[in-house]
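2 protein chains.
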Amino acid sequence: MKKVDTESRQKSILNAIVESYVDSAAPVGSRAIAQRFRNSISPATIRNVMADLEEKGLIMQPYTSAGRVPTDKGYRFYVDSLLELKHLTKEEESIINKLIRQSTSDIEYVMQNASKAISLVTNVAGVVLTPRLKRSIFKHIELFNMDDSRIMAVIVTTSGFVKNSIMDFEEHLTGQELTRIAEFLNSELEGVSLGEIKSYLTRKLLEERDSFYIFLKRATDILSIPGLFKADDHLYFDGAACIMSHPEFTDIKKTRLFLRACEDKKGLLNLLNQDMELEGIKIHIGKENLYNEIQDLSIVTCNYKVNDMTVGAIAAIGPTRMEYGRVISVLKYISIELGKELESLG
Amino acid sequence: MKKVDTESRQKSILNAIVESYVDSAAPVGSRAIAQRFRNSISPATIRNVMADLEEKGLIMQPYTSAGRVPTDKGYRFYVDSLLELKHLTKEEESIINKLIRQSTSDIEYVMQNASKAISLVTNVAGVVLTPRLKRSIFKHIELFNMDDSRIMAVIVTTSGFVKNSIMDFEEHLTGQELTRIAEFLNSELEGVSLGEIKSYLTRKLLEERDSFYIFLKRATDILSIPGLFKADDHLYFDGAACIMSHPEFTDIKKTRLFLRACEDKKGLLNLLNQDMELEGIKIHIGKENLYNEIQDLSIVTCNYKVNDMTVGAIAAIGPTRMEYGRVISVLKYISIELGKELESLG
DNA sequence: AATAGCACTCTAAGTGTTAGAGTGCTAATT
DNA sequence: AATTAGCACTCTAACACTTAGAGTGCTATT
Numbered sequence: 012m013k014k015v016d017t018e019s020r021q022k023s024i025l026n027a028i029v030e031s032y033v034d035s036a037a038p039v040g041s042r043a044i045a046q047r048f049r050n051s052i053s054p055a056t057i058r059n060v061m062a063d064l065e066e067k068g069l070i071m072q073p074y075t076s077a078g079r080v081p082t083d084k085g086y087r088f089y090v091d092s093l094l095e096l097k098h099l100t101k102e103e104e105s106i107i108n109k110l111i112r113q114s115t116s117d118i119e120y121v122m123q124n125a126s127k128a129i130s131l132v133t134n135v136a137g138v139v140l141t142p143r144l145k146r147s148i149f150k151h152i153e154l155f156n157m158d159d160s161r162i163m164a165v166i167v168t169t170s171g172f173v174k175n176s177i178m179d180f181e182e183h184l185t186g187q188e189l190t191r192i193a194e195f196l197n198s199e200l201e202g203v204s205l206g207e208i209k210s211y212l213t214r215k216l217l218e219e220r221d222s223f224y225i226f227l228k229r230a231t232d233i234l235s236i237p238g239l240f241k242a243d244d245h246l247y248f249d250g251a252a253c254i255m256s257h258p259e260f261t262d263i264k265k266t267r268l269f270l271r272a273c274e275d276k277k278g279l280l281n282l283l284n285q286d287m288e289l290e291g292i293k294i295h296i297g298k299e300n301l302y303n304e305i306q307d308l309s310i311v312t313c314n315y316k317v318n319d320m321t322v323g324a325i326a327a328i329g330p331t332r333m334e335y336g337r338v339i340s341v342l343k344y345i346s347i348e349l350g351k352e353l354e355s356l357g
Numbered sequence: 012m013k014k015v016d017t018e019s020r021q022k023s024i025l026n027a028i029v030e031s032y033v034d035s036a037a038p039v040g041s042r043a044i045a046q047r048f049r050n051s052i053s054p055a056t057i058r059n060v061m062a063d064l065e066e067k068g069l070i071m072q073p074y075t076s077a078g079r080v081p082t083d084k085g086y087r088f089y090v091d092s093l094l095e096l097k098h099l100t101k102e103e104e105s106i107i108n109k110l111i112r113q114s115t116s117d118i119e120y121v122m123q124n125a126s127k128a129i130s131l132v133t134n135v136a137g138v139v140l141t142p143r144l145k146r147s148i149f150k151h152i153e154l155f156n157m158d159d160s161r162i163m164a165v166i167v168t169t170s171g172f173v174k175n176s177i178m179d180f181e182e183h184l185t186g187q188e189l190t191r192i193a194e195f196l197n198s199e200l201e202g203v204s205l206g207e208i209k210s211y212l213t214r215k216l217l218e219e220r221d222s223f224y225i226f227l228k229r230a231t232d233i234l235s236i237p238g239l240f241k242a243d244d245h246l247y248f249d250g251a252a253c254i255m256s257h258p259e260f261t262d263i264k265k266t267r268l269f270l271r272a273c274e275d276k277k278g279l280l281n282l283l284n285q286d287m288e289l290e291g292i293k294i295h296i297g298k299e300n301l302y303n304e305i306q307d308l309s310i311v312t313c314n315y316k317v318n319d320m321t322v323g324a325i326a327a328i329g330p331t332r333m334e335y336g337r338v339i340s341v342l343k344y345i346s347i348e349l350g351k352e353l354e355s356l357g
C-alpha cells in the first residue's frame with residue numbers, strides 16, 4: 012500500500028472540516044468529509060484523523076458523538092497555513108467601485124460607502140477608520156478670526172482630509188497678522204506630517220533668536236491648541252442587519268454581544284489604530300480578541316494608504332465562522348481602491 | 012348605586028392596560044387591572060369594559076382567552092389623550108448634561124453624545140440629525156486656492172456648524188481676489204440663511220449693472236457650486252445593543268427588522284426632515300410608519316433650535332411598547348440642551 | 001348596573017418516545 | 001502496519017401528549 016504522509020492528510024482533512032463548517036454552519040461528520048474526498052478515504056480512517064486533530068486542539072465536539080467544529084486554534088492554523096485566497100468576480104469589483112467612486116468629492120460619503128461595500132460583498136459587518144490626521148501630510152492651512160477672541164484654523168492634508176478647529180486665543184491678532192502666519196506656515200510645513208508639526212516648530216523655535224522669534228512663537232502657539240488634531244477618530248459602520256442572516260445569531264445573547272462590540276467605538280478604535288501600524292491583513296479570531304469579552308467573533312483588518320503612506324484602516328467583523336478567503340481578498344481590494352479614491356480627492 | 016361615567020371609566024381602564032403592558036410586556040388580564048384599582052372595581056366589570064374597548068379596536072387579544080394588549084390605535088389614543096409626562100430626575104438630567112456639555116467644542120462629539128444620551132436615559136435607540144445647513148444662518152465665509160484649478164470654501168454658521176467644500180473652478184483667481192470676494196460676502200450675507208443665499212444673490216445680480224457686476228457674478232458662481240450645501244445629512248445613532256434588553260426582541264425576525272430600519276438612513280432622514288418642520292414632539296406608532304415595513308416599532312421625534320430657529324431634529328426608536336411619557340420628556344429636555352450647547356459653540 | 005360563579009379555551013411547560021446522525025472500539029482486511 | 005468494516009453506544013432534535021393555570025364570556029344573582 013502506498014505510504015501516506017500523516018501530517019499532510021491531517022492538514023487536508025482540517026481544511027475540509029473548516030470549509031465544510033464555514034459553508035454549512037453545522038458540525039461536520041466523518042461521512043461528509045469522506046464524500047468530500049469522493050470516498051477515497053473511508054469514514055473510519057477520517058474518524059481516526061479527527062481524533063488526532065481533536066487531541067491537538069484544532070477541532071472539537073459540541074457534545075459526545077456529534078460532528079466536529081473548528082476551534083479558534085483550528086481557524087488560526089487554517090488562515091495561517093491552509094487558506095487559499097478567493098478572487099473577486101468582476102461583478103463584485105464593480106459593486107465596490109460603484110460605491111466608492113461616487114465622485115461627490117465628499118470624504119464622508121466615500122467612507123460610509125466603503126463600509127457599506129465591505130458588508131455588502133462579504134456579508135459581514137464593515138468598518139472604516141477615517142484617515143489618521145497625525146499620519147497625514149500637511150498641505151495647506153488657513154487662519155481667520157471668528158470673533159474677538161476666537162480663531163478658526165482650517166488644515167488640508169494631501170489625502171484630501173480637511174480639519175477645522177475653533178480655538179480661544181487670548182491675544183487678538185488682526186486678519187493681516189493671521190494671513191502672514193498662515194503664509195509662513197504654508198511655505199514652511201509643506202510635506203511635514205501633522206504628527207511631526209509640533210516637534211518641527213519647537214526645533215525651529217530653539218534655533219531662532221532674532222525679531223522673527225515672536226512671530227514664530229505665535230504660529231507655534233496657534234498650532235499647539237489641543238483640539239486641532241483631536242477628534243479625528245470617526246468610525247463608519249455598516250451591515251449590522253445583514254449579519255443577522257448568519258445562523259449563529261439565532262441566539263439573542265450572541266446578537267447582543269455582537270452589537271455591543273460594534274458600538275464599543277473605543278475598543279474598535281484601539282484595535283484598528285494598533286493594527287494600522289502593521290502592513291497588510293491582520294486577523295483576530297474569537298477569544299484572541301482580548302480587548303473585549305467578544306467571543307465567537309472574528310475581526311479582519313487591513314491598513315490603507317494614500318501616496319504610499321498608511322493613513323487608516325478598514326475591517327470586517329463577523330462570526331468566527333466566516334469566509335476568511337473572501338473577506339481577506341475583499342479588504343485588500345477595497346483598501347487599495349479607497350486609497351486611490353482618496354488620492355484623487357486630495 | 013352611584014352613577015358612573017362609562018366613557019371616563021373606559022379611559023382610565025385603557026390607561027391602566029397600557030401602563031401595565033408597557034411595564035410588564037405581558038398581556039394584561041382583568042384581575043391585574045382590578046388590583047391596580049385596589050379592587051374597587053371587580054374583574055367581571057373590567058371584563059365588560061375590556062370587551063367594549065376591544066370592539067373599538069383599542070386593545071386586542073393575542074389569542075382567545077388571553078389577556079389584552081394595546082393596539083396601535085390604543086397607543087395612539089393613549090399618547091393623545093391620556094398620557095402624563097414624567098419629570099426627569101436630577102440624576103437623569105445630570106447624565107444628559109455631562110454627555111452633551113463636554114466642551115470639546117467639537118460638534119461631532121456633541122451629536123454623538125446626544126444620541127448616546129437619548130438611548131442611555133430612555134433605554135431605546137437614539138438618533139440625532141445634524142443641523143440642516145439650509146436652515147442655518149450664515150456667519151462667515153473664507154475662500155482660498157487649493158491649487159491652480161480648485162478653490163476651497165469654508166462656511167461657518169451661527170450654530171457653530173462648519174462646512175468646507177472643494178470645488179473645481181475654471182478661471183484662476185488670485186488669493187487677493189478671493190479674499191475680496193470673501194470680504195464682500197461676509198459683509199453682505201450676515202444673517203441670511205444658507206438656503207436663501209442663492210436667491211438673495213441672484214436678486215442682487217439683477218439689480219446690479221455697473222462694473223461691480225462681474226465681481227458679484229463671480230461670487231455667485233462660487234456659491235452655486237453644487238457640493239457646497241450638500242452632504243449635511245449625517246445621522247448619529249446609538250443604542251442598538253441596549254434595545255435588545257426588551258423582550259420583544261427575543262424574536263430574531265423583529266431584531267432584524269429593527270436593525271434594518273436603523274440602517275435605512277434614507278428613510279430615517281426623510282422622516283426626520285419632515286417632522287422637523289413641525290414644532291415639538293411627533294409620534295409615529297407601529298404601522299403608522301408607512302415609510303418602511305417597520306412594524307411593532309415606534310418613532311418619537313423632536314426638533315431642536317439654535318437662536319430660536321429650528322435647525323435639526325432628534326429621535327428615539329423602540330418597540331411600540333415604550334414608555335412614551337418618559338421618552339417625550341427626555342427628547343424635550345435633550346433638544347433644548349442640545350440647542351443651548353450649539354449656541355455656545357456658534 | 002355590578003358582580004359572583006362556572007364552564008370553557010388556550011398556552012406554556014414539562015414528560016416521554018423515537019429516528020437518525022455520529023462516534024469509538026475491535027476485529028478483519030489489504 | 002495501515003486501513004476499513006462492523007457494531008454497540010451516545011446524544012440531539014423533533015414530535016406527541018399531558019397538565020396546570022391564567023383568562024375569558026356568559027348567566028344568574030345581588
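Residue numbers (the numbering used here), protein chains in the order written: chain A, 12 to 357; chain B, 12 to 357. The beta carbon of each residue, even a glycine, is placed where N, CA and C say it ideally should be.
By the 16-neighbour rule on beta-carbons within 10 angstroms, residue 258(A) is exposed.
Interface with chain A (8 Å Cβ-Cβ cutoff): residue 183(B) is excluded. For residue 32(B), the enclosing alpha helix (DSSP H) has its first and last residue at 17-35. Listed along chain A, the residues sitting closer than 8 Å to residue 249(B) by beta-carbon distance are 274.
With a cut-off of 8 Å on Cβ pairs, the stretch 208-219 of chain B is not in contact with the stretch 201-211 of chain A, counting fewer than three such pairs.
Annotation: the continuous alpha helix (DSSP H) that includes residue 122(B) extends over 118-133. Under DSSP, residue 249(A) forms a beta bridge with 137(A). Annotation: residue 330(B) is outside any alpha helix (DSSP H); the continuous beta strand (DSSP E) that includes it extends over 320-330.
Per DSSP, the continuous alpha helix (DSSP H) segment holding residue 338(B) begins and ends at 335-356. Within the same chain, 118, 353, 356, 357 come within 7 Å of residue 171(A) by CB-CB distance, once the 5 residues on both sides are set aside. Any Cβ of chain B closer than 8 Å to the Cβ of residue 257(A) would place that residue at the interface, and such an atom is absent. The three-state reading of DSSP puts residue 261(A) in helix, counting H, G and I together. Excluding the 5 residues flanking it on each side, residue 63(B) has same chain C-beta neighbours closer than 7 Å at 21, in chain order.
Sequence-distant Cβ neighbours of residue 94(A) in its own chain, meaning closer than 6 Å and more than five residues away, are 335, 336. Ranking 159(B), 67(B), 331(B), 190(B) by CA distance to the CA of residue 307(B) puts 331(B) first. Taking C-beta separations shorter than 6 Å and ignoring five residues to either side along the sequence, the partners of residue 341(A) in its chain run 132, 133, following chain order.
Judged by DSSP secondary structure, residue 65(B) falls within the alpha helix (DSSP H) whose first and last residues are 54-66. Take residue 126(B), set aside five residues on each side of it, and the residues of its chain with a beta-carbon closer than 7 Å to its own are 137, 138, 139, 247, 248, 249, in chain order. One alpha carbon belongs to residue 45(B), the other to residue 329(B), and they sit about 29 Å apart. Within chain A, the C-beta atoms nearer than 7 Å to that of residue 252(B) come from 267, 270, 271, 274, in chain order. By the CB criterion at 8 Å, residue 193(B) and residue 154(B) fall inside the cutoff. Residue environment analysis places residue 59(A) among the exposed positions, since fewer than 16 neighbouring C-beta atoms fall within 10 angstroms of its C-beta. Secondary-structure assignment with DSSP links residue 81(A) through a beta bridge to 70(A). For residue 157(A), the C-beta contacts it makes with chain B under 9 Å involve 150, 151, 167, in order along the chain.
Nearest CB-CB separation between residue 124(A) and chain B: not below the 8 Å threshold. In the displayed model, residue 221(A) falls within coil according to three-state DSSP, outside both helix and strand. Distances from the alpha-carbon of residue 146(A) to those of 203(A), 23(A), 91(A) put 203(A) closest. Runs of beta strand (DSSP E) with 3 or more residues, each lying fully within the stretch 272-308 of chain A, are found at 292-296, listed in chain order. DSSP places residue 156(A) inside the beta strand (DSSP E), whose first and last residues are 149-158. In this structure, the straight-line span from the alpha carbon of residue 184(A) to that of residue 187(B) is close to 19 Å. Fewer than three pairs of CB atoms, one per stretch, sit closer than 8 Å, so the stretch 284-291 of chain A makes no contact with the stretch 157-173 of chain A.
In the DSSP assignment, residue 164(A) forms a beta bridge with 154(A), 176(A).
Put simply, the CB of residue 132(A) is far from chain B, with every gap to its CB atoms at 8 Å or more. The stretch 80-94 of chain B makes contact with the stretch 17-37 of chain B: 3 or more CB pairs, one atom from each, lie closer than 8 Å. Residue contact with chain B for residue 322(A): absent (no Cβ-Cβ distance below 8 Å to any residue of chain B).
Among the CB atoms of chain A, none fall inside 8 Å of the CB of residue 195(B).
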